[in-house]
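Residue numbers (the working numbering): 49 to 335.
Idealized CB from N, CA, C, for every residue including glycine.
Computed from a predicted structure; not experimentally measured.
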Ligand SMILES: Cc1cc2nc3c(=O)[nH]c(=O)nc-3n(C[C@H](O)[C@H](O)[C@H](O)COP(=O)(O)O)c2cc1C
């Protein structure tokens, strides 16, 4: 089956889809007629949907998505820059949560929204594991702490660098500095091999994080979970991550118990001109 299906009745032969295709999969066989999928280029189609996204008459569907129709939108429906800027600047990592549980329908929606994040070759290989109760998150914390204890025992240099023994001691005293007593967690993972799986996973996680904030949730990156997953098979098994896959993103999520009222200060990079390029350096003491 052809990857791109063009309805000749709806096609106005404007060639917009031909010009927008990043891999030149579509071509014009006869001026004034609907474009065709170039037979030698079928295999290059990455299902990015730019053809269906640009078409003003809704003439294009993709067979990979069983003919799902494009959803039209107008410029007026988009948030303006100030709204996006406020969303980005007012988001804070949430480390205190109320007892209210997250809605699984919301999580499903957020995961679907995150599928619109960019991915190398539009591979969209990011999968998600959702822990939907504080008990499951705590169980994950226990597996992570087990790995931390092992690192400390082995005198792994990472243990000292990341103060792992302090974290383990705090955990044992009932101070959950690892999972922040979160009511839920969402872990993003992808195949180890691929085009850009690590970047895709991080971008998808950050996209979900912003979307979750816009929905009223608080999230916090679960850095120790991602780290532990890179070393511990037991953590991967707990998260139902199959062999050959790696977790590169993880968020604790819940209803935030802290109300932030101000935008905090951040480093303002002053551009320097170096050999004709504008360089915005990270702050000098950034570690
Ligand atoms: C990759 C990554 C890992 C992180 N891991 C943790 C973590 O394990 N625990 C935690 O409390 N915060 C974690 N954070 C949150 C950062 O501390 C936080 O983003 C930073 O202090 C800035 O605060 P803000 O997110 O409120 O702007 C992590 C953030 C990132 C990007």
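For this session: Answer with buried or exposed for residue 328, where buried requires no fewer than 16 other C-beta atoms within 10 angstroms of its C-beta.
Result: For the purposes of this step, residue 328 is identified with residue 280 of the chain shown, where counting begins at 1. When all chains shown are included, residue 328 counts as exposed.
Exercise. Grouping DSSP H, G and I as helix and E and B as strand, with all else coil, what is residue 226?
Worked result: Working through the chain shown from its first residue, we reach residue 226 at position 178. Judged by DSSP in its simplified three-state form, residue 226 adopts coil rather than helix or strand.
For this session: Check whether the Cβ of residue 172 lies closer than 6 Å to any heavy atom of ligand 2, and answer yes or no.
Result: This structure simply doesn't include ligand 2; it includes ligand 1 instead.
For this session: Pull up the CB-CB distance for residue 301 and residue 265, whole angstroms please, since I reckon it's below 8 Å.
Result: Taking the chain shown and counting its residues from 1, one reaches residue 301 at position 253. Taking the chain shown and counting its residues from 1, one reaches residue 265 at position 217. Contact between residue 301 and residue 265 holds: their C-beta atoms lie close to 5 Å from each other, under 8 Å.
For this session: Decide yes or no for the touch test of the stretch 198 to 213 against the stretch 126 to 140: beta carbon pairs closer than 8 Å, at least 3 of them.
Result: Cβ pair count under 8 Å is below three, so no.
Exercise. With DSSP run on the structure shown, which of helix, strand or coil describes residue 325?
Worked result: Position 277 of the chain shown, counted from the first residue, corresponds to residue 325. DSSP places residue 325 in strand when its eight states are reduced to three.
Exercise. Closer than 6 Å: is that where the CB of residue 269 sits relative to any heavy atom of ligand 1?
Worked result: Looking up residue 269 in the chain shown gives position 221. Yes, the beta carbon of residue 269 sits closer than 6 Å to at least one heavy atom of ligand 1.
For this session: Under 8 Å Cβ to Cβ from residue 96, same chain only, skipping five residues before and after it: list those, please.
Result: Position 48 of the chain shown, counted from the start, is the residue given in the question as residue 96. Cβ neighbours of residue 96 beyond the five flanking positions: 70, 170.
For this session: With a threshold of 6 Å, establish whether the CB of residue 314 neighbours any heavy atom of ligand 1.
Result: Mapped onto the chain shown, residue 314 falls at position 266. Not so, every heavy atom of ligand 1 lies at least 6 Å from the Cβ.
For this session: With residue 242 as the anchor, note down where its alpha helix (DSSP H) starts and where it stops.
Result: The count along the chain shown starts at 1 and reaches residue 242 at position 194. Per DSSP, residue 242 lies in no alpha helix (DSSP H) segment and is marked neither H nor E.
Problem set entry | Cα-Cα separation, residue 150 to residue 307 | For the purposes of this step, residue 150 is taken as the residue at position 102 of the chain shown. For the purposes of this step, residue 307 is taken as the residue at position 259 of the chain shown. As the crow flies, the alpha-carbon of residue 150 is around 18 Å from that of residue 307.
Exercise. With burial defined as no fewer than 16 other Cβ atoms inside 10 Å of the residue's Cβ, what is the status of residue 272: buried or exposed?
Worked result: By one-based count along the chain shown, residue 272 stands at place 224. Taking all protein chains shown into account, residue 272 has 16 or more neighbouring C-beta atoms within 10 Å of its C-beta and is therefore buried.
Exercise. Thinking C-beta only, is residue 237 closer than 7 Å to residue 153?
Worked result: Residue mapping note: residue 153 aligns to position 105 of the chain shown, counting from 1. Residue mapping note: residue 237 aligns to position 189 of the chain shown, counting from 1. No; because the gap between Cβ atoms is not below 7 Å, this pair is not in contact.
Exercise. Taking contact to mean at least 3 C-beta pairs separated by less than 8 Å, is the stretch 126 to 135 in contact with the stretch 70 to 80?
Worked result: Touching, no, given that fewer than three Cβ pairs across the two stretches are closer than 8 Å.
Exercise. Do residue 140 and ligand 1 come close, with the Cβ less than 6 Å from some heavy atom?
Worked result: The residue given as residue 140 occupies position 92 in the chain shown. Correct: residue 140 has its Cβ closer than 6 Å to ligand 1.
Exercise. Where DSSP assigns a beta bridge to residue 320, which residues make up the other side?
Worked result: Looking up residue 320 in the chain shown gives position 272. DSSP, once it has assigned bridges, lists 327 as partnering residue 320.
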